[in-house]
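Trainee:
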Amino acid sequence: MKPANLTPHIGCSPGDFAKTVLMPGDPLRAKMIADTYLTDCELVNNVRGIQGYTGFYEGKRVSVMASGMGIPSIGIYSYELFKFFGVETIIRIGSAGAIDPDLQLFDIVLGMGACTNSNYAIQYRLPGLYAPIADYDTLRKAADECQARGLRYRVGNMLSSDCFYDDALSALQWRKMGVLAVEMEATALYCNAARLGKKALCVCTISDLIEGGQETTAEQRQNAFHEMMLVALSIAE
Numbered sequence: 015m016k017p018a019n020l021t022p023h024i025g026c027s028p029g030d031f032a033k034t035v036l037m038p039g040d041p042l043r044a045k046m047i048a049d050t051y052l053t054d055c056e057l058v059n060n061v062r063g064i065q066g067y068t069g070f071y072e073g074k075r076v077s078v079m080a081s082g083m084g085i086p087s088i089g090i091y092s093y094e095l096f097k098f099f100g101v102e103t104i105i106r107i108g109s110a111g112a113i114d115p116d117l118q119l120f121d122i123v124l125g126m127g128a129c130t131n132s133n134y135a136i137q138y139r140l141p142g143l144y145a146p147i148a149d150y151d152t153l154r155k156a157a158d159e160c161q162a163r164g165l166r167y168r169v170g171n172m173l174s175s176d177c178f179y180d181d182a183l184s185a186l187q188w189r190k191m192g193v194l195a196v197e198m199e200a201t202a203l204y205c206n207a208a209r210l211g212k213k214a215l216c217v218c219t220i221s222d223l224i225e226g227g228q229e230t231t232a233e234q235r236q237n238a239f240h241e242m243m244l245v246a247l248s249i250a251e
């Protein structure tokens, strides 16, 4: 018998997810987090290979599920988690390219806001431009956790871009407005959370410097991103 709230993209029952879901882009990273940090862990979703797990971290019930890449993908998964599966908070944990010249590889950026070149918010038919922002309490807890761990981190505006291969290198134009880094998902996550009365935060590790060409290797990302993961796990409710 199928679960009552089965969606086209998440094949489990309401209650299979914890109230807080960590959301990396990569399904294999979701599995790695589950295998490394969660106890009594169970695979609760594997539709289209988008793996979702629920287990316990230091006694707290926590879930982790991949979002895929880009605004359309996280837009689907975060909406369904919020709307149909009782999830209250989603913390995106991913990589970002540095726009601010003071950022270094492996710095952590907490996305207070998410500028975008996407038309995702046009669906709300608002009489103006919407400014997607993080949940303040979740953001504050993440900043406090970074501070306590002695991590290099910044809090500020991010750019959620629809373009990974940007022919015009337009991401750098956002520097003059104080935008720190570019990623590809936060805008949709923040919009969905606002529309549905939920909480969201984007936490990213700098994986490359857009100006200068420095970038991390796959192995470096696998190892260095653990600090970001631990921050998100520690503030999960």
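Per this note's numbering, residue 15 is the first one in the sequence shown, and the count goes up by one each step. We put the beta carbon where it would ideally sit given N, CA and C, even for glycine. No experiment lies behind these values; they were computed from the predicted model shown.
1. Apart from the five residues on each side of it in sequence, which residues of its chain come closer than 7 angstroms, Cβ to Cβ, to Ala156?
2. Whose C-beta lies closer than 6 angstroms to the C-beta of Tyr67 among residues of the same chain, with five residues either side of it excluded?
3. Quick one: using the 10 Å Cβ neighbour count with 16 as the cut-off for buried, is Gln228 buried or exposed?
4. Determine, using beta-carbon pairs with one atom in the segment 90–107 and one in the segment 163–176, whether at least three such pairs fall under 8 angstroms.
5. Is it the case that the segment 159–167 contacts the segment 132–142, given that we only count it when at least three CB pairs across the two stretches are under 8 angstroms?
6. Only counting the same chain, and skipping five residues up and downstream in sequence, which positions put a Cβ closer than 6 angstroms to that of Leu223?
7. Relative to the alpha-carbon of Gly39, which residue among Glu72, Glu251, Ser87, Lys213 has its alpha-carbon at the smallest distance?
8. For Asp151, is the classification buried or exposed, using 16 other Cβ atoms within 10 angstroms of its Cβ as the cut-off for buried?
9. Since Ser92 and Leu203 are thought to touch, with beta carbons under 8 angstroms apart, how far apart are those beta carbons, to the nearest angstrom?
10. Could you give the residue range of the beta strand (DSSP E) that holds Asp222?
11. Return helix, strand or coil for Ala195, following the three-state DSSP convention.
12. What's the gap between the Cα of Ile24 and the Cα of Glu197?
13. What span of residues does the alpha helix (DSSP H) with Ala185 cover, start to end?
14. Is DSSP giving Cys205 helix, strand or coil here?
15. Could you give the distance in angstroms between the alpha-carbon of Gly73 and the alpha-carbon of Leu119?
16. State the Cα-Cα distance for the pair Phe239 and Cys129, rounded to the nearest angstrom.
17. Determine which residues share a DSSP beta bridge with Lys74 and list them.
18. Starting from Glu159, follow the alpha helix (DSSP H) in both directions and report where the run begins and ends.
19. Do the CB positions of Ala80 and Ile64 come within less than 8 angstroms of each other?
20. Indicate the three-state DSSP secondary structure (helix, strand or coil) for Leu36 in the structure shown.
21. When DSSP builds the beta bridges, which residues end up paired with Cys129?
22. Using the rule of at least 16 other Cβ atoms within 10 Å of the residue's Cβ for burial, across every protein chain shown, is Ala145 buried or exposed?
23. Just tell me which of Gly127, Cys177, Gly69, Thr50 has its CA closest to the CA of Lys33.
Mentor: Short version:
1. Looking up residue 156 in the sequence shown gives position 142. These residues qualify, in order along the chain: Leu124, Leu215, Val217, Val245, Ile249.
2. On the sequence shown, residue 67 is found 53 positions in, with the first residue counted as 1. Same-chain partners within the cutoff: Ala48, Cys55, Leu57, Val78.
3. As a position in the sequence shown, residue 228 is number 214, starting the count at 1. Exposed, because fewer than 16 other Cβ atoms sit within 10 Å of the Cβ of Gln228.
4. no
5. no
6. To locate residue 223, count along the sequence shown from 1; it is residue 209. Closer than 6 angstroms at Cβ, skipping near neighbours: Ala112.
7. Taking the first residue of the sequence shown as position 1, residue 39 is located at position 25. The option with the nearest alpha carbon to Gly39 is Ser87.
8. The residue you call residue 151 lines up with position 137 of the sequence shown. Exposed is the call here.
9. Your numbering for residue 92 matches position 78 in the sequence shown. Your numbering for residue 203 matches position 189 in the sequence shown. Confirmed, about 5 angstroms.
10. Here the question's residue 222 lines up with position 208 in the sequence shown. Element bounds for Asp222: 213–223.
11. Numbered from 1 along the sequence shown, position 181 holds the residue referred to as residue 195. Ala195 falls in the strand class under three-state DSSP.
12. Along the sequence shown, read from residue 1 onward, the residue named residue 24 stands at position 10. Along the sequence shown, read from residue 1 onward, the residue named residue 197 stands at position 183. Each residue's Cα considered, the two are about 24 angstroms apart.
13. Residue 185 sits at position 171 when you count from the first residue of the sequence shown. Element bounds for Ala185: n/a, residue is neither H nor E.
14. In the sequence shown, residue 205 corresponds to position 191, counting from 1. The answer is helix: DSSP assigns Cys205 an H, G or I state.
15. If you number the sequence shown from 1, residue 73 lands on position 59. If you number the sequence shown from 1, residue 119 lands on position 105. About 32 angstroms.
16. Position 225 of the sequence shown holds residue 239. Position 115 of the sequence shown holds residue 129. If I take the Cα positions, the gap works out to 24 angstroms.
17. Along the sequence shown, one-based indexing puts residue 74 at 60. For Lys74, which the question treats as bridged, DSSP gives the partners Tyr71.
18. Start at 1 with the first residue of the sequence shown, and residue 159 comes out as number 145. From DSSP, the alpha helix (DSSP H) with Glu159 extends over 150–162.
19. As a working mapping, residue 80 is identified with position 66 in the sequence shown. As a working mapping, residue 64 is identified with position 50 in the sequence shown. Yes, Cβ-Cβ distance for Ala80 and Ile64 is below 8 angstroms.
20. Against the sequence shown, residue 36 aligns to sequence position 22. Note: Leu36 maps to strand in three-state DSSP.
21. Position 115 of the sequence shown, counting from 1, holds the residue named residue 129. Paired residues: Leu173.
22. By 1-based counting over the sequence shown, the position of residue 145 is 131. Classification for Ala145: exposed.
23. Position 19 of the sequence shown holds residue 33. Of Gly127, Cys177, Gly69, Thr50, the residue nearest in Cα terms is Gly69.
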